[in-house]
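Peer 1: Residue numbers (the numbering used here), protein chains in the order written: chain L, 476 to 545; chain R, 255 to 480.
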Amino acid sequence: MEYTRQLLEESGLGEDRLAMYEIAASDAPKWVAAVKEMTQRVEALGPSPLRRGIHLQADALEKLENMVES
Amino acid sequence: MIIAERKPFSEIKDAMAPYDKILIVGCGTCVTVCLAGGEKEVGLLAMQLKLALGLEGKHLEVGEITVERQCDLEFIQPLCGFITNYDAIISTACGVGVQFLASLYPKKPLFPGLNTTFLGVNEAMGFYTERCRACHNCYLGVTGGICPVTMCPKGLLNGPCGGNVQGKCEVDPARACAWCEIYEKLERQGRLEQIEKIQPLHPHDRSTNPGTVIHPAYRRRYDGHE
Chain L
476 MEYTRQLLEE
486 SGLGEDRLAM
496 YEIAASDAPK
506 WVAAVKEMTQ
516 RVEALGPSPL
526 RRGIHLQADA
536 LEKLENMVES
Chain R
255 MIIAERKPFS
265 EIKDAMAPYD
275 KILIVGCGTC
285 VTVCLAGGEK
295 EVGLLAMQLK
305 LALGLEGKHL
315 EVGEITVERQ
325 CDLEFIQPLC
335 GFITNYDAII
345 STACGVGVQF
355 LASLYPKKPL
365 FPGLNTTFLG
375 VNEAMGFYTE
385 RCRACHNCYL
395 GVTGGICPVT
405 MCPKGLLNGP
415 CGGNVQGKCE
425 VDPARACAWC
435 EIYEKLERQG
445 RLEQIEKIQP
455 LHPHDRSTNP
465 GTVIHPAYRR
475 RYDGHE
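1. Taking only beta-carbon atoms, is F329(R) less than 8 Å away from chain L?
2. I need the DSSP call for K275(R), collapsed to helix, strand or coil.
3. Which residues in the same chain have their Cβ closer than 7 Å to the Cβ of E480(R), if we skip the five residues on either side of it in sequence?
4. Could you give the C-beta distance for A515(R) and P402(R), rounded to a whole number, given that I count them as a contact under 8 Å?
5. Roughly how many whole angstroms lie between the Cα atoms of T404(R) and C281(R)?
6. Report all residues from its chain with a CB closer than 6 Å to the CB of M476(L); omit the five preceding and five following residues, and keep chain order.
7. How far does the beta strand (DSSP E) with V321(R) in it reach, from first residue to last?
8. Am I right that L314(R) and L303(R) are in contact with their C-beta atoms under 8 Å? What's the rounded C-beta distance?
9. Given that a residue counts as buried once 16 or more other Cβ atoms are within 10 Å of its Cβ, and exposed if not, what is L368(R)?
10. Can you name the residues of chain R whose CB is closer than 7 Å to the CB of E485(L)?
11. Name the two residues that bound the continuous beta strand (DSSP E) containing G374(R).
12. Does the region 367-384 of chain R come close enough to the region 333-351 of chain R to have 3 or more Cβ pairs within less than 8 Å?
13. What distance in whole Å lies between the Cβ atoms of V396(R) and Q448(R), which are believed to be in contact at a cut-off of 8 Å?
14. For the beta strand (DSSP E) holding A342(R), just list the boundary residues, first then last.
15. Using CA atoms only, rank isn't needed, just tell me which of D502(L), R492(L), A500(L), K505(L) is closest to P522(L).
16. Ignoring anything shorter than 4 residues, give me the alpha helix (DSSP H) runs that lie fully in the region 373-436 of chain R, in order along the chain.
17. Whose Cβ in chain L lies nearer than 9 Å to the Cβ of L309(R)?
18. Counting only Cβ pairs nearer than 8 Å, list the residues of chain L close to L298(R).
19. Would you say L305(R) reaches chain L, if we count a Cβ-Cβ gap shorter than 8 Å as a contact?
20. If we ignore side chains and look at the alpha-carbon of each, how far apart do T479(L) and P262(R) end up?
21. Give the DSSP-derived three-state secondary structure of A500(L) in the structure shown.
22. Do three or more CB pairs link the region 314-324 of chain R to the region 275-293 of chain R at distances below 8 Å?
23. From the DSSP output, which residues share a beta bridge with A258(R)?
24. What is the DSSP secondary structure of L364(R), counted as helix, strand or coil?
25. Based on Cα-Cα distance, which residue from G308(R), I436(R), Y476(R) lies nearest to L410(R)?
26. Per DSSP, C348(R) is paired with what?
27. Over what stretch of residues does the alpha helix (DSSP H) that includes T283(R) continue unbroken?
28. What does the alpha-carbon distance come out to for the pair H330(R) and G487(L)?
29. Measure the CB-CB distance between A342(R) and F365(R) and report whether it falls below 8 Å.
30. With distances taken from CA atoms, which of K361(R), E259(R), P363(R) is nearest V296(R)?
31. Within 10 angstroms of the Cβ of L455(R), are there 16 or more other Cβ atoms? Answer buried if so, exposed if not.
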């Protein structure tokens with residue numbers, strides 16, 4: 476895990492995009508906290524720098540929702 | 255086996271700056287075991303280079319191949335066919351493999367992906383220690399299987415230097431004195447008299463030039479008498 480984070484850092488993507496949490500199957504609060512933490516971190520980091528200039532098409536979100544519903 | 259470590263990524267990336275299409279050649283023997291230059295590490299390096307250069311807006315085409323051994327002509331000769339399609343090569347073999355590959359393809363820029371460190375053993379997964387200096391004259395028979403050339407930082411052949419403190423080395427107090435270990439080993443085996451014999455000067459002249467070994471069965475062939 477540490478090594479993979481190091482590889483990402485060297486590549487310029489940043490090591491913070493990858494994390495591993497150890498959570499027991501019965502430990503729901505810890506799971507929620509981990510998801511919240513990771514979500515906040517990803518939001519702060521922004522989209523992958525490799526996707527710079529690439530934006531979602533206007534109707535992409537709607538299509539995804541339709542796919543989930545069907 | 256030969257132990258190596260991957261070069262800093264920035265060094266490899268900087269070397270690749272002038273090229274658009276490169277080939278990474280891995281080695282499937284020693285450097286695969288020490289997790290430095292095998293098929294998996296070739297894949298990781300290729301991915302890292304593509305990501306890092308992609309971030310700079312550059313498209314790098316990376317080919318990957320891992321041969322059984324880069325120090326053996328029969329395994330690297332088959333690369334002739336497609337190596338010409340690439341602008342440059344990175345070899346993740348030890349220095350031996352890199353040089354052999356470079357001599358076979360003299361027109362192609364070739365860069366090492368690893369720093370070759372020593373001849374050592376695999377103590378545990380990911381943990382390697384040096385054992386041999388390839389010094390041309392093995393003393394292990396008279397030193398109980400502990401090499402004084404490698405394990406003693408001063409490479410002394412006739413007993414300890416006198417600087418050891420309670421069996422620890424004066425150069426690195428965290429390590430045991432090699433000669434104390436040799437003494438204890440020979441004492442346990444009941445053959446202490448072996449180290450009373452003075453060892454002559456080490457034949458350094460044999461290691462001042464690139465070494466050559468010709469097996470006795472092949473002498474006539476390579477001495478040009480055949």
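A virtual CB, placed ideally from N, CA and C, is assigned to each residue, including glycine.
Bear in mind that the values here come from a model prediction, so they are computed numbers and not experimental data.
Peer 2: On the basis of the data shown:
1. no
2. Note: K275(R) maps to strand in three-state DSSP.
3. For E480(R), the predicted structure reports a pLDDT of 46, less than 50, and the residue's modelled location is therefore unreliable. A value from the coordinates is still provided. Cβ neighbours of E480(R) beyond the five flanking positions: R474.
4. Residue coverage of chain R in this structure runs from 255 to 480, which leaves residue 515(R) outside it and unanswerable.
5. 26 Å
6. M495
7. 315-321
8. 6 Å
9. By the neighbour-count rule (16 or more Cβ atoms within 10 Å), L368(R) is buried.
10. F263, Q302
11. 368-378
12. yes
13. 5 Å
14. 342-345
15. R492(L)
16. Listed in chain order, the complete alpha helix (DSSP H) runs (minimum 4 residues) inside the region 373-436 of chain R are 402-405.
17. Residues of chain L passing the Cβ test: S486, G487, L488, P524, L525, R527.
18. L482
19. yes
20. 15 Å
21. coil
22. Proximity of the region 314-324 of chain R to the region 275-293 of chain R meets the contact definition, three or more beta-carbon pairs being nearer than 8 Å.
23. Answer is T370(R), bridged to A258(R).
24. strand
25. I436(R)
26. Answer is none; C348(R) lacks a bridge partner.
27. Per DSSP, T283(R) belongs to no alpha helix (DSSP H) and is neither H nor E.
28. Note that residue 330(R) is Ile in the sequence shown, not His. Their backbone Cα atoms lie some 33 Å apart in a straight line.
29. yes
30. E259(R)
31. Counting the other CB atoms within 10 Å of its CB gives L455(R) a total below 16, which places it among the exposed residues.
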